[in-house]
Amino acid sequence: MAILVTGGIGYIGSHTCVELLNNGYEVIVMDNLSNGNIISLHRIHELTGNQIKFYNVDLLNRDRLEDIFLENKIDVVVHFAGYKAVGESVEMPLCYYHNNVTGTLILCQVMQKFNVKRMVFSSSATVYSVRGDEPICEEFHLGATNPYGRSKLMVEEIFRDLYASDNNWSICLLRYFNPIGAHPSGRIGEDPNGIPNNLMPYITQVAVGKLKELRVFGNDYPTPDGTGVRDYIHVVDLALGHLKAIEKVKSTIGVEAYNLGTGRGYSVLEMVQAFEKVSAKKIAYNIIGRRPGDVAVCYADPSKAKRELGWVAERGIEEMCSDAWRWQLNNPNGYIEEPPAIIKV
Ligand code: UD1
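Take a look at the structure:
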């Protein structure tokens, strides 16, 4: 069974490739390396002992994309490729829509041409507009507040129209909550460009001495300690969710959304404490004002994924923190070493 992973070099993509290879899938990665480092591919090879066929191809390059489908008998596409920084999306909406929406349109057209109609899509909890102090289920009201989120939502809608036009399509929309952590080996992990936007890489960079102190965005939210509450999920659990979704799209038709979260929220200060406990490092922090666009509480009702995919997140907060820390300690500057030779197409 051959799986084409778009954006397979990136944070979630690379962890998913490891689990796919460990479970006997043939993996073909296409990535334009715009936000990833090819060293992650060598590390995947090192962790699994398996080769990955790699195409340095941009989704917007229809001809090269068609070549991949001509050269390989692809069964399922796992689609991660896309821009993902919320702030940047506000500054460069056209780039985001072009890359995330047009790129996906071209992918679907090529898939249709080659009669490959099974896909697992990397969506986000950011597509939910109503967030109160209750778990979010898949039926919650949709509506994003920034171009990044809207690009995810638009793609979800496009998939629904596609299925309405042709009932042979089978697509799982995986709505991630807050992925953190790293592979327990410490060999692959999150490698943000510049200063991290997200909480966990910021904490690990403070711990390793790259950043001075964490800025906590607000302590006046209606939460037990006043700081924002999120549903953090270990990236390996998230990766395993993709394997379950692949099984699902192989055996059914339709477009279905699934929350991938733990169902449990942690505040910013709880995360700091959990990290300090596993790392034995003190995290200096300073409480500043709220970050625009942030909500008080956001956590999943993951019961649909349990019921229909047979998936539950198994790794707890300490494992998330210790794996994130191991990755940061072993790779203080991310992926920087010289790569050995690999199969390049
Ligand atoms: C963010 C994105 C979301 C994306 C997700 C991917 C925004 C508004 N949302 O979610 O679209 O899908 O990342 O993981 O950017 N915090 C601090 N200090 C920091 C960083 C974060 O206090 O330096 C707080 C935030 O206010 C929030 C929590 O930590 O309460 C988590 O923040 P973050 O990791 O950025 O994730 P989200 O904002 O939930």
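Per my numbering: the sequence shown = residues 52 to 396.
Ideal Cβ placement from N, Cα and C applies to all residues, glycine included.
Judged by the Cβ position, residue 243 fails to qualify as a neighbour of the ligand UD1 at the 7 Å threshold, every heavy atom of the ligand being at least this far.
Under the three-state reduction of DSSP, residue 143 is assigned to coil, being neither helix nor strand.
The shortest CA-to-CA distance from residue 161 to any of 235, 125, 382 is the one to 125. Between the C-alpha atoms of residue 249 and residue 115 there is a straight-line separation of about 33 Å.
About 6 Å separates the beta carbons of residue 186 and residue 314, which is inside the 8 Å limit, making them a contact pair. Under DSSP, residue 267 shares a beta bridge with 338. With fewer than 16 other CB atoms across the displayed protein chains lying within 10 angstroms of its CB, residue 345 is exposed. Residue 179 is bridged by DSSP to 193.
Assignment of residue 199 by DSSP, reduced to helix, strand and coil, places it in the helix class. Put simply, of 127, 330, 360 the residue whose alpha carbon is nearest the alpha carbon of residue 380 is 330. The continuous beta strand (DSSP E) containing residue 105 extends over residues 104-106.
Taking a contact to require three or more Cβ pairs closer than 8 Å, the stretch 283-293 and the stretch 224-240 qualify as touching.
Secondary structure note for residue 94: its alpha helix (DSSP H) is the uninterrupted segment 90-99. Looking from the CA of residue 120, the closest CA among 192, 143, 159 belongs to 159. The bridge partners DSSP lists for residue 60 come to none. Looking only at 62, 67, 367, 63, the smallest Cα-Cα distance to residue 54 is reached by 67. Counting of Cβ neighbours within 10 angstroms places residue 145 among the exposed residues, the total staying below 16. The Cβ-Cβ distance between residue 79 and residue 104 falls below 8 Å. The beta carbons of residue 349 and residue 242 sit no closer together than 8 Å. Segment contact: the stretch 164-171 against the stretch 92-106, fewer than three CB-CB distances shorter than 8 Å; contact not assigned.
By the neighbour-count definition (other C-beta atoms within 10 Å, threshold 16), residue 202 is a buried residue. Linking residue 76 to residue 269 through their CA atoms gives a straight-line distance of about 45 Å.
With 16 or more other Cβ atoms inside 10 Å of its own Cβ, residue 234 counts as buried. Placement of the Cβ of residue 177 at a distance of less than 7 Å from at least one heavy atom of the ligand UD1 is found.
A residue is called buried when at least 16 other Cβ atoms come within 10 angstroms of its Cβ; residue 246 does not meet this threshold and is exposed. If you look at residue 307, you'll find it in the beta strand (DSSP E) that goes 305-311. Apart from sequence neighbours up to five positions away, the residues of its chain that approach residue 385 with a beta-carbon distance below 6 Å are 242, ordered along the chain.
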